[in-house]
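A short write-up of the structure that comes next.
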Amino acid sequence: MAKSAGKTASRPGFDPWLSSQRLFPPYVWTEVFGRTAPLELDLGAGDGVYAEARARREPDRDFIAVERLLGRATKIAKKALRGGLCNLRILRLESSYFVRNLCSPNTVDVITLRYPDPWPKRRHHGNRILTREFSADAARACRSGGRLQLTTDNQEYFDWACREVAACPPWKEDAAWTGGGEPTSEFEEKFKQEGRSVYRRAWVKEG
Numbered sequence: 010m011a012k013s014a015g016k017t018a019s020r021p022g023f024d025p026w027l028s029s030q031r032l033f034p035p036y037v038w039t040e041v042f043g044r045t046a047p048l049e050l051d052l053g054a055g056d057g058v059y060a061e062a063r064a065r066r067e068p069d070r071d072f073i074a075v076e077r078l079l080g081r082a083t084k085i086a087k088k089a090l091r092g093g094l095c096n097l098r099i100l101r102l103e104s105s106y107f108v109r110n111l112c113s114p115n116t117v118d119v120i121t122l123r124y125p126d127p128w129p130k131r132r133h134h135g136n137r138i139l140t141r142e143f144s145a146d147a148a149r150a151c152r153s154g155g156r157l158q159l160t161t162d163n164q165e166y167f168d169w170a171c172r173e174v175a176a177c178p179p180w181k182e183d184a185a186w187t188g189g190g191e192p193t194s195e196f197e198e199k200f201k202q203e204g205r206s207v208y209r210r211a212w213v214k215e216g
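Sequence positions in the sequence shown follow the numbering used here and run 10 to 216.
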């Protein structure tokens, strides 16, 4: 039987990696983490500064960091091992595929997208992740009351993404979420020093 949420602890043989060769069926999260706890996804996790900080700060929650690039994913795995963060798993896979095919319905509490590639040229917009199709997949994966969070420094992408999510009825803007208290990275601090704007928006799943 899975344990209830509580403090995580390092254990012998802990492996933070989820297999990138698994293409089906969807994961059973109680089997992955050995307990029942709120689950968050950090998609396009980069070098894992955000995922590591959240996992360390909130041991009663479980986190999946999804990162396509091997070098970055490896950095996250090393941070999880060094910190004994048994509530953090790393997956090297394309984020859209993961949400669509490997997340069981109604099992995710929060999906976070931080600084996704804006693909600014119009002919490349098809490569953007936060489409209305992705929004529908995210809504299917999330529990009722679950949240989708976006942070970006690109206003055009932000406006575009907001329109895409608005076209997916289960999502309603969550005006209460401002990103306050979120861990920040080195380049975010650089943004502040340069006076650059950061745009944030969250949506909550209704029904």
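Cβ coordinates follow ideal geometry from the N, Cα and C atoms, glycine included. Treat the numbers as computed from the prediction; the structure is a model and nothing was measured.
- Task: Tell me, please, which residues DSSP counts as bridged to A211.
- Result: BP columns for A211 point to Q158.
- Among G189, V108, P114, G154, which residue has its Cα nearest to the Cα of T140? With distances taken between Cα atoms, T140 lies closest to V108.
- Helix, strand or coil at W26 [DSSP, three-state]: If DSSP states are grouped into helix, strand and coil, W26 belongs with the strands.
- I73 versus E191 - alpha carbon distance: For the pair I73 and E191, the Cα-to-Cα distance works out to about 17 Å.
- Message: Which residue wins for smallest C-alpha separation from R172, given the options S29, W212, W186?
- Response: Of the listed residues, the one whose Cα sits closest to R172 is W212.
- Message: Following a CB-centred definition, is W128 positioned closer than 6 Å to any heavy atom of the ligand ATP?
- Response: You won't find the ligand ATP in this model; it holds no ligand whatsoever.
- Of the residues L27, Y124, V41, the one placed nearest I85, counting alpha carbons only: Of the listed residues, the one whose Cα sits closest to I85 is L27.
- Message: Can you find the residues in the same chain that come closer than 7 Å, C-beta to C-beta, to A64, ignoring five residues on each side of it along the sequence?
- Response: If the five residues before and after A64 are omitted, its C-beta is found closer than 7 Å to the C-beta atoms of F72, L94, N96, L97, all from its own chain and listed in chain order.
- Message: Considering only the alpha carbon of each residue, which of I138, P35, T193 lies closest to A60?
- Response: Checking every option, the nearest Cα to that of A60 belongs to T193.
- Top-ranked residue by Cα proximity to R131, from L48, W169, R81, N110: R131 has its Cα closest to that of W169, out of L48, W169, R81, N110.
- Message: What does the Cβ neighbour count give for I69, buried or exposed, with the cut at 16 atoms within 10 Å?
- Response: Per the sequence shown, the amino acid found at residue 69 is Asp instead of Ile. The residue is exposed, with fewer than 16 neighbouring Cβ atoms inside 10 Å.
- Item | For A14, three-class secondary structure by DSSP | Legend: pLDDT at A14 = 47, less than 50; position of this residue unreliable, value from coordinates given subsequently. In the structure shown, the three-state DSSP call for A14 is coil.
- Item | For D146, the three-state DSSP class (helix, strand or coil) | Annotated three-state conformation of D146 is helix, per DSSP.
- Selected residue, minimal CA-CA separation from R81, among L48, G57, G216: Measuring from the Cα of R81, the nearest candidate turns out to be G57.
- Inter-residue spacing [alpha-carbon to alpha-carbon] between L159 and V37: Computed Cα separation, rounded: 26 Å.
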